[in-house]
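K.L.:
If you're matching positions, the sequence shown starts at 1 in UniProt numbering and goes up one per residue.
Ideal Cβ placement from N, Cα and C applies to all residues, glycine included.
The model shown is predicted, which means the values in this text are computed figures rather than measured ones.
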Amino acid sequence: MQRSLVDHGLPGVQPGGRALSSSHRCLASFTHPARRACPSSPLHRRAAPSRSSVSVMAAGVPPPVSDTKSKFYTSYRKPLNAIYNTVIQELLVQQHIIRYNTKYQYDEVYALGFVSIFDQIIEGVPVDKDAVFAAYIEALTEDPKRYREDAEKLEKWASGISSPEDLTPAADSDDEVRKSLAAIAARAEDGSKFLYSRFFAVGLFRLLELSKAKDPQALQGLVKAMHVPQESVNRDLTTYKGLLSKLNAAKELMREYTARERKKAEERAAAKAEAAKGKDEGKDDKKEAEGQGAEKKEPVKA
1 MQRSLVDHGL PGVQPGGRAL SSSHRCLASF THPARRACPS SPLHRRAAPS RSSVSVMAAG
61 VPPPVSDTKS KFYTSYRKPL NAIYNTVIQE LLVQQHIIRY NTKYQYDEVY ALGFVSIFDQ
121 IIEGVPVDKD AVFAAYIEAL TEDPKRYRED AEKLEKWASG ISSPEDLTPA ADSDDEVRKS
181 LAAIAARAED GSKFLYSRFF AVGLFRLLEL SKAKDPQALQ GLVKAMHVPQ ESVNRDLTTY
241 KGLLSKLNAA KELMREYTAR ERKKAEERAA AKAEAAKGKD EGKDDKKEAE GQGAEKKEPV
301 KA
């Protein structure tokens, strides 16, 4: 990933030595606001009742986490590599908790943040990425097409921004995206219908990154304008950087492991073929010897 605001204005996070085991623990910290370190925790937790505008569950009771996971695996039946399966499960469980919080309401910045994280996690994994994404979002009873379209819309918009000031929310602007940002900021300021999450923090960061704004002051200005806590955003982006470092390390280890296993398989196959060849040659030699013996024993006719 290119040098960005996280590198310029926030403390760095170095990847740990045990990248494979630590990446999903940091993911747990990243996706759930209540977690500050990277502890292991039970996956199965029930969430608070939901009044989400996307869907309303019977009697206001959200589905259990097990139902969300079951929906995902029912929709996506192909096997996932153990490492990525662990990460996807943890991400899904924690997003379930966010999704069914009473304050949760979908917005474009949240979508951009999630899509960015998901794509970076799944990058380089030999799976049908679109199918995994669709199964994941549908398991949360949301629309994968909406996520993708909104994320792409913000990416295109931010890439065309000429200055960080153009990123600020403005309810009276002719720019539809700035109007949308203003509506989100108003909900965040009110607090009753807005749930801050780390996906939202990453969404804000991506807007600035795409607009090529590298000054930490630009991040501070946007965070203030969106009425979200600066300290939380800084912490979450630091965790985000650490997560990416650990995932990259895990992917590199997986590539090395796959290469070693492929080489071993090729060597075993070659040895097996050589052994089979030697066995066949031995059979031919035996048959030839038996044939020569039969000729010697054949009686001489008068």
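#1: Helix or strand or just coil, what does DSSP make of L91?
#2: Tell me which residues share the same chain as A134 and place their Cβ nearer than 6 Å to its Cβ, disregarding the 5 neighbours each side in the sequence.
#3: Going along the chain, which residues of its own chain have a beta-carbon closer than 7 Å to the beta-carbon of A182, five neighbours each way excluded?
#4: Reducing DSSP to helix, strand and coil, say where R146 ends up.
#5: Buried or exposed: S66, going by 16 or more other Cβ atoms within 10 Å of its Cβ?
#6: Comparing C-alpha positions only, which one of K214, Y136, D174 sits nearest to S163?
#7: Under DSSP, the alpha helix (DSSP H) around A199 begins and ends at which residues?
#8: Please confirm whether A151 and V115 have their CB atoms less than 7 Å apart.
#9: Helix, strand or coil: which one does DSSP assign to A47?
#10: Rounded to a whole number of angstroms, what is the C-alpha to C-alpha distance between A275 and K78?
#11: Let me make sure I understand the geometry here. Which of E123, V109, R268 has the alpha-carbon closest to that of L204?
#12: Thinking just about the alpha-carbon of each residue, which of Y84, G113, E90 is nearest to the one in F199?
#13: Could you check whether D107 and I184 sit closer than 7 Å to each other, using their CB atoms as the reference points?
#14: Candidates A271, L243, A265, A269: which alpha carbon is nearest residue 303's?
#15: Can you give me the start and stop residues for the alpha helix (DSSP H) that S180 sits inside?
#16: Since residue 303 and L210 are thought to touch, with beta carbons under 8 Å apart, how far apart are those beta carbons, to the nearest angstrom?
#17: Pick helix, strand or coil for K78, following the three-state DSSP scheme.
#18: By DSSP, does T239 sit in helix, in strand, or in coil?
#19: Count the other CB atoms within 10 Å of the CB of Q230; is the residue buried (16 or more) or exposed (fewer)?
#20: Given that a residue counts as buried once 16 or more other Cβ atoms are within 10 Å of its Cβ, and exposed if not, what is P63?
P.N.:
So, to answer that:
#1: helix
#2: P144
#3: P169, A170, A171
#4: helix
#5: exposed
#6: K214
#7: A small correction: the amino acid at residue 199 is Phe; Ala does not occupy that position in the sequence shown. From DSSP, the alpha helix (DSSP H) with F199 extends over 198–210.
#8: yes
#9: Only weak support is given to the placement of A47: the predicted model assigns it a pLDDT of 39, under 50, and the value that follows is read from those uncertain coordinates. Looking at A47 - three-state DSSP - the assignment turns out to be coil, as it is neither helix nor strand.
#10: 35 Å
#11: V109
#12: G113
#13: yes
#14: What the structure shows of the chain is the stretch from 1 to 302, and residue 303 is not part of that stretch, so it cannot be assessed.
#15: 176–190
#16: Within the shown structure, residues of the chain are numbered from 1 to 302, placing residue 303 beyond reach of any answer.
#17: coil
#18: helix
#19: exposed
#20: buried
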